[in-house]
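Participant: In the numbering used here, the protein residues as written are 2 to 293.
Positions of the beta carbon are idealized from the N, C-alpha and C atoms, including for glycine.
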Amino acid sequence: MDADALIEWALESAVSESESPPGPPLLASAIRHAVFPGGARVRPQLCLAVAAACNAGSKDELMVSAGAGASLELLHCASLVHDDLPCFDGADVRRGKPSVHVAFGEPIALLAGDALIVMAFSTLARSTAGTPEILARLLPIVTAAVGAPHGIVAGQAWESEPGVETDAYHRAKTGALFIGAAEAGAASVGADPAPWRKLGEHLGDAYQVADDLRDMLLDEEALGKPAGQDAKCARPNAASDLGPRAAMAKLNGLIEAAADSVPDCEGAPALRNLVHAQASRLIPASLAHALA
Numbered sequence: 002m003d004a005d006a007l008i009e010w011a012l013e014s015a016v017s018e019s020e021s022p023p024g025p026p027l028l029a030s031a032i033r034h035a036v037f038p039g040g041a042r043v044r045p046q047l048c049l050a051v052a053a054a055c056n057a058g059s060k061d062e063l064m065v066s067a068g069a070g071a072s073l074e075l076l077h078c079a080s081l082v083h084d085d086l087p088c089f090d091g092a093d094v095r096r097g098k099p100s101v102h103v104a105f106g107e108p109i110a111l112l113a114g115d116a117l118i119v120m121a122f123s124t125l126a127r128s129t130a131g132t133p134e135i136l137a138r139l140l141p142i143v144t145a146a147v148g149a150p151h152g153i154v155a156g157q158a159w160e161s162e163p164g165v166e167t168d169a170y171h172r173a174k175t176g177a178l179f180i181g182a183a184e185a186g187a188a189s190v191g192a193d194p195a196p197w198r199k200l201g202e203h204l205g206d207a208y209q210v211a212d213d214l215r216d217m218l219l220d221e222e223a224l225g226k227p228a229g230q231d232a233k234c235a236r237p238n239a240a241s242d243l244g245p246r247a248a249m250a251k252l253n254g255l256i257e258a259a260a261d262s263v264p265d266c267e268g269a270p271a272l273r274n275l276v277h278a279q280a281s282r283l284i285p286a287s288l289a290h291a292l293a
């Protein structure tokens with residue numbers, strides 16, 4: 002089973018649990034709506050890629066890595082459900098379809114996001130049932146990526162502060178899950194997560210700049226979600242702060258820094274190639290060419 006299939010299998014296994022009778026059917030449908038079909042699954046892909054670079058190969062190791070990656074993706078999906086609510090962005094579209102609160106109502110959307118958070122930690126626990134020492138290493142990584150003071154919850158909270166610290170906001174809202182994915186990939190196979198933090202930091206920064214460029218320059222049809230949200234909500238945006246061309250140059254520099262930060266290991270060359278390959282998907286080729 003390749004990485005894409007393994008991630009989808011892990012997510013399907015987790016979501017199916019919520020659909021068991023006699024659970025509330027609307028909640029189950031809302032959870033599935035939030036997770037499938039997914040986006041690029043870049044966070045679990047990063048988790049599995051780091052695990053592979055650390056020489057994961059056994060079935061048990063891959064299952065643990067897939068569970069860790071799936072838990073991070075479920076937390077990402079939960080953050081999107083909550084982010085789209087009227088009390089935050091009020092976004093009606095996500096991934097090219099109605100956002101969860103539009104399709105199922107605000108109360109169910111709020112509860113679906115909550116359920117996805119619980120599901121994420123349940124998935125992590127199940128995947129490490131035979132390796133409690135790995136669970137003990139993964140839990141601090143995952144909780145740091147999603148909680149306060151530096152995780153995605155904190156990133157969302159910065160939007161309600163009277164003054165927004167741009168670096169802290171971007172690092173928490175976007176970067177934290179990338180750091181978590183890189184570190185979790187190493188920890189899931191018993192490797193030291195510390196050397197992988199820089200990779201997560203650089204990739205998180207790159208995805209934030211790319212997202213800012215896309216938000217500023219693309220339309221809703223291309224994005225699959227509302228465009229111009231940063232300007233509408235008066236949020237920091239690298240493309241508007243630096244200008245599109247300078248932001249594109251910064252993005253390219255961050256991708257190079259990410260590739261260079263991959264620690265020396267048996268799988269390093271393949272992972273560096275993957276970083277560059279994934280980077281080409283961040284910005285449409287026509288836009289990247291125009292900003293070159």
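If we require 4 or more residues per run, which alpha helix (DSSP H) segments fall completely within the stretch 148-177?
Facilitator: Within the stretch 148-177, the complete alpha helix (DSSP H) runs of at least 4 residues are 153-159, 167-171.
Participant: Using the Cβ count rule (16 or more neighbours within 10 Å means buried), how would you classify Ser-80?
Facilitator: Buried, since its Cβ has 16 or more Cβ neighbours within 10 Å.
Participant: Whole angstroms is fine: what's the gap from Ala-149's alpha carbon to Ala-291's?
Facilitator: Approximately 39 Å, taken between the alpha carbons.
Participant: For Ala-69, tell me which candidate among Gly-114, Leu-255, Gly-181 has the shortest Cα-Cα distance.
Facilitator: With distances taken between Cα atoms, Ala-69 lies closest to Gly-181.
Participant: From what residue to what residue does the alpha helix (DSSP H) around Phe-122 run?
Facilitator: Run containing Phe-122: 107-128, per the alpha helix (DSSP H) assignment.
Participant: Give the straight-line distance between the Cα atoms of Gly-91 and Pro-237, rounded to the nearest whole angstrom.
Facilitator: Between Gly-91 and Pro-237, the C-alpha separation is close to 18 Å.
Participant: Roughly how many angstroms separate the alpha carbons of Glu-221 and Glu-20, rounded to a whole number?
Facilitator: One C-alpha to the other measures close to 32 Å.
Participant: Where do the N-terminal and C-terminal ends of the alpha helix (DSSP H) with Leu-27 fall, by residue?
Facilitator: 26-36 is the extent of the alpha helix (DSSP H) around Leu-27.
Participant: Using a Cβ-Cβ cut-off of 8 Å (strictly less than) and excluding sequence neighbours within five positions of Val-143, which residues of its own chain qualify?
Facilitator: Taken in chain order, the residues that qualify are Ala-69, Ser-72, Leu-73, Leu-76, Ala-121, Phe-122, Leu-125, Gly-181, Ala-185.
Participant: Can you tell me the Cα-Cα spacing of Asp-84 and Ala-260, whole angstroms?
Facilitator: Looking at the two C-alpha atoms, the distance is approximately 30 Å.
Participant: At which residues does the alpha helix (DSSP H) containing Pro-45 begin and terminate?
Facilitator: Element bounds for Pro-45: 43-54.
Participant: Can you say whether Cys-88 is buried or exposed, counting buried as having 16 or more other CB atoms within 10 angstroms of its CB?
Facilitator: Exposed is the call here.
Participant: Looking only at its own chain, which residues have a Cβ that is under 7 Å from the Cβ of Ala-248, when we skip the five neighbours before and after it?
Facilitator: Val-210, Asp-213, Leu-214, Ala-239, Ala-240, listed in sequence order.
Participant: Does the separation of the CB atoms of Leu-200 and Val-276 fall below 9 Å?
Facilitator: Yes; because the gap between Cβ atoms is below 9 Å, this pair is in contact.
Participant: In whole angstroms, what is the alpha-carbon distance linking Ala-280 and Lys-226?
Facilitator: Roughly 20 Å between the two C-alpha positions.
Participant: Smallest Cα separation from Cys-234: which of Asp-216, His-151, Ala-250?
Facilitator: For Cys-234, the nearest C-alpha among the options comes from Asp-216.
Participant: On the DSSP bridge assignment, give the partners of Lys-98 in chain order.
Facilitator: Beta-bridge pairing links Lys-98 to Arg-95.
Participant: What residue from Ala-188, Gly-156, Ser-100 has the CA that sits closest to Pro-141's CA?
Facilitator: Minimum Cα distance to Pro-141 is reached at Ala-188.
Participant: Are Ile-8 and Ala-116 closer than 9 Å when you measure CB to CB?
Facilitator: Contact: no.
Participant: Could you tell me whether the Cβ atoms of Leu-255 and Leu-204 are closer together than 9 Å?
Facilitator: The answer is yes: Cβ separation under 9 Å.
Participant: Determine contact between the stretch 148-162 and the stretch 34-48, defined as no fewer than three beta-carbon pairs at a distance below 8 Å.
Facilitator: No, because fewer than three Cβ pairs between the stretch 148-162 and the stretch 34-48 fall closer than 8 Å, the two stretches do not touch.
Participant: Out of Asp-168, Phe-179, Leu-136, point me to the one whose CA is closest to Ala-190's CA.
Facilitator: As written in the sequence, residue 190 is Val, which differs from the Ala given in the question. Val-190 has its Cα closest to that of Leu-136, out of Asp-168, Phe-179, Leu-136.
Participant: May I have the straight-line CA-CA distance separating Lys-60 from Arg-246, to the nearest angstrom?
Facilitator: Taking the straight line from one Cα to the other gives about 45 Å.
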